[in-house]
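Chains as they are written, first to last, in the working numbering: chain A, 1 to 470; chain B, 471 to 563.
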C-alpha cells in the first residue's frame with residue numbers, strides 16, 4: 001500500500017472520488033499501482049510493456065496489447081510485432097486519453113487474441129492471481145489479471161469468441177463484451193473483423209458502465225460503428241418484471257462442473273428473490289453448432305487479416321533471396337503455432353472447392369444462431385448461463401490439444417456470433433476459484449445488463465480480492 | 471476428415487507460410503481433427519437460409535467526402551524494415 005491506497009480493493013469510481021476530494025494526488029494514485037506492479041508483475045507476467053510517464057491526471061488504466069497506442073509498443077502477443085511502435089492511437093486509446101486516464105501499460109494476450117488461456121502469447125503465459133498454477137483465461141488474461149491483482153483499477157480487453165468474458169470469469173472480474181458496432185475497432189489489431197469488439201474489465205458493474213460510456217460511440221474511422229444509447233450507470237435495485245430465460249443447452253452443457261452449477265444456482269435464487277421471472281428455454285442449434293460455425297468464420301477472417309504481415313511495411317522481416325521467400329520465412333519465424341493453425345484452417349475453408357462447403361455453410365449457420373436468439377428475446381429480456389463450464393484450469397492442461405482449448409469457449413461463442421452484448425459477473429467460488437455468470441441481452445441492451453448485473457452483484461456480495469492476497 | 475500432406479503443403483503455399491517438416495506433420499494431424507469437428511455445419515439443411523456476413527443491419531455508412539491530412543511520410547516508414555527514400559524496399563520479386 002502507498003499513501004493508504006489499497007489497490008486490491010479500490011474501484012475506479014472510488015479512485016476518482018479520492019482524486020476529486022484531493023485526498024490523494026494523481027501522482028500518488030499512479031505510484032500506488034506502480035508499486036503493486038513492481039511487487040507482483042514478475043510472477044503474474046500480466047503486463048508486457050509498462051509506461052513510465054504518467055500521461056493524464058485521472059484514474060489509471062491498463063490496455064490489452066491488441067490496442068494500438070501511439071508511441072507505446074504494441075505486440076498483439078506476437079513475435080512478428082515484437083518491435084512495433086504505432087504512430088497513431090486507436091480510437092479507444094484516444095478516448096481514454098481524452099478522459100484523462102493515464103495508461104499504466106499494455107497487458108499480455110494470446111497471440112493475435114487467439115486463445116482461451118493466454119498461454120499462446122509469444123511472451124509467456126500470464127498467471128491467475130487467485131492461483132498462480134492456473135491460467136487467467138484468454139485471450140485477455142493480462143487485463144483480467146491486472147484488475148484482479150490490483151495492478152490496475154480497470155482495463156480494456158477485446159472479445160472475439162469470449163476473450164473478455166472468459167478471463168473475467170476466471171479472475172473474478174466484471175467483463176463486458178458490448179454489442180458489435182458500439183465500440184470502434186479503429187486501431188485494434190484485427191483478428192476476425194465481424195466479431196472483434198473491445199470491452200471493459202472492472203471490479204464491479206458501475207465501473208464497467210462508466211468505462212463503457214468512455215469508449216463507446218460512433219466513430220468516423222470505423223464504418224461498422226453506430227450511435228449508442230446514453231449509458232446509465234446503475235444503482236442496485238430489484239428485478240421486478242425482468243424476464244430471465246435459461247437456455248437449457250447453455251445451462252446443461254456437457255462438462256459443467258458441480259461447483260459452477262451450484263454458484264450459478266445461488267445467483268438464480270437471488271434473481272428470483274429480487275422479483276425476476278425465471279423460465280427454462282431452448283437454443284436448439286446455436287450451442288450445438290456454434291463452435292463449428294465460429295471455428296470456420298473466425299479463422300477465415302483471420303487468414304485474410306493476417307495476410308498483411310509480410311515483412312514489408314512493419315513488423316519482423318526474415319532474410320530471403322526474393323520477395324516470396326522473404327515473406328514466407330517472415331511469417332514462419334514470426335507467427336506462433338496458434339495463428340499458423342488458424343491461418344491454415346481459414347485458408348483451407350476459403351480455398352477453391354471448399355468455400356461453399358465450409359465458409360458458405362458457416363455463414364448460413366450464423367443466420368440460424370441469430371434467429372434463434374431473436375426469437376428468445378421476444379419472450380425474455382435477458383438470457384443467463386455460466387460463462388464457462390469450468391473454473392480456471394491448470395497451466396498446460398489444454399496446451400497440447402487445440403480442440404479441447406477451443407471448447408473452453410462453448411458457452412460464450414453463440415451470443416458473439418449473433419452480435420449480442422454479454423457480461424460476465426462473478427457469482428461465487430468453486431473450490432476457491434471464481435465462477436462467472438453470463439448475462440446476454442438483445443443488441444444495444446447494455447443498460448439492462450448493467451441494471452441486472454448491479455442488482456445481482458449487490459445480493460451476491462462477492463469479494464473480488466483473491467483469497468491468497470487478502 | 472483426414473487431410474493429406476499435399477493438402478497441408480498446398481494450403482501453406484496459399485497462406486505464404488514456409489512450414490518446417492515437423493510443422494507439416496503436426497498440423498496435418500491437428501487440422502484433420504479440427505476439420506472433422508467443424509464439418510458439423512454440413513449436417514444441417516440450410517436451404518433458403520441466407521448467409522450472415524455481419525451482425526448488424528447496416529447497409530451504407532456514408533461519410534462526407536472531405537480531404538483530411540494523412541500521416542507524414544516519416545511516420546508511415548517509422549516501422550518499416552527497409553526504406554529507399556519514399557518507397558518500402560523489399561528483395562526482388
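C-beta atoms are modelled at their ideal positions from N, C-alpha and C, and glycine is treated no differently.
Note that the structure is predicted; figures quoted are calculated from it, not measured.
Amino acids of chain A, ordered along the chain, whose beta-carbon sits closer than 8 Å to that of residue i
i             : result
residue 486/B : 307, 310, 324, 327, 328 and 331
residue 489/B : 332 and 340
Cβ-based neighbour list, residue i, same chain, cut-off 7 Å, excluding 5 preceding and 5 following
i             : result
residue 278/A : 244, 246, 268, 271 and 272
residue 56/A  : 97, 100, 101 and 102
residue 51/A  : 72, 103, 104 and 105
residue 411/A : 250, 253, 385, 386, 387, 388, 389 and 438
residue 146/A : 46, 47, 62, 107, 152 and 155
residue 10/A  : 153
6 Å CB neighbourhood of residue i in its chain, flanking five on each side removed
i             : result
residue 464/A : 172 and 203
residue 552/B : 559
residue 454/A : 205, 234 and 236
residue 380/A : 243 and 245
residue 346/A : 299, 300, 302 and 303
residue 1/A   : Note that residue 1/A scores a pLDDT of 48, beneath 50, so its modelled location is shaky; the value from the coordinates is reported in the next line. Counting only Cβ-Cβ distances below 6 Å, and skipping sequence neighbours, we find nothing.
residue 192/A : 160, 298, 301 and 302
residue 283/A : 247, 249 and 372
Where residue i meets chain A, residues with beta-carbon distance less than 7 Å
i             : result
residue 474/B : Here the premise fails: no neighbours, minimum Cβ distance about 12 Å.
residue 550/B : 313 and 314
residue 523/B : 194 and 363
residue 481/B : 344, 347, 348 and 351
residue 545/B : 87
Distance CB(residue i)-CB(residue j) smaller than 7 Å
i             : j             : result
residue 441/A : residue 382/A : yes
residue 364/A : residue 519/B : yes
residue 296/A : residue 362/A : yes
residue 299/A : residue 342/A : yes
residue 166/A : residue 137/A : yes
residue 198/A : residue 158/A : yes
residue 501/B : residue 528/B : no
residue 111/A : residue 336/A : yes
residue 129/A : residue 149/A : yes
residue 115/A : residue 78/A  : no
residue 74/A  : residue 86/A  : yes
residue 178/A : residue 421/A : yes
residue 93/A  : residue 163/A : no
residue 498/B : residue 331/A : no
residue 322/A : residue 13/A  : no
Beta-carbon contacts of residue i that lie in its chain and below 8 Å, excluding the five residues immediately before and after
i             : result
residue 214/A : 95, 96, 99 and 101
residue 88/A  : 68, 70 and 187
residue 288/A : 249
residue 488/B : 482
residue 319/A : 326 and 329
residue 399/A : 117, 119 and 405
residue 354/A : 348
Bridge partners - residue i, DSSP secondary structure assignment
i             : result
residue 128/A : 131/A
residue 558/B : 553/B
residue 233/A : Answer is none; residue 233/A lacks a bridge partner.
residue 200/A : 156/A
residue 385/A : 438/A
Interface residues of chain B facing residue i [CB-CB closer than 8 Å]
i             : result
residue 368/A : 514, 516 and 519
residue 220/A : 533
residue 226/A : 526 and 528
residue 317/A : 551 and 552
Within chain A, the residues that residue i reaches when beta carbons sit closer than 9 Å
i             : result
residue 558/B : 312 and 313
residue 541/B : 87 and 88
Range of the contiguous beta strand (DSSP E) that encloses residue i
i             : result
residue 214/A : It is not in any beta strand (DSSP E) - residue 214/A instead sits in the alpha helix (DSSP H) that spans 205-215.
residue 423/A : 422-430
residue 103/A : 103-107
residue 155/A : 155-159
residue 279/A : 277-281
residue 48/A  : 47-50
Neighbouring residues, chain B, relative to residue i (Cβ below 7 Å)
i             : result
residue 321/A : 561
residue 403/A : 503, 504 and 507
residue 293/A : 511
Range of the contiguous alpha helix (DSSP H) that encloses residue i
i             : result
residue 226/A : It is not in any alpha helix (DSSP H) - residue 226/A carries neither H nor E in the DSSP assignment.
residue 98/A  : 91-98
residue 85/A  : Unbroken run through residue 85/A: none, as it is neither H nor E.
residue 460/A : 446-460
residue 490/B : Residue 490/B -> no alpha helix (DSSP H), and no H or E assigned at all.
residue 333/A : 323-334
residue 348/A : 337-350
residue 469/A : From DSSP, residue 469/A is part of no alpha helix (DSSP H); its letter is neither H nor E.
residue 249/A : 248-251
Neighbour list for residue i in chain B, Cβ cutoff strictly below 9 Å
i             : result
residue 289/A : 510, 511, 513 and 514
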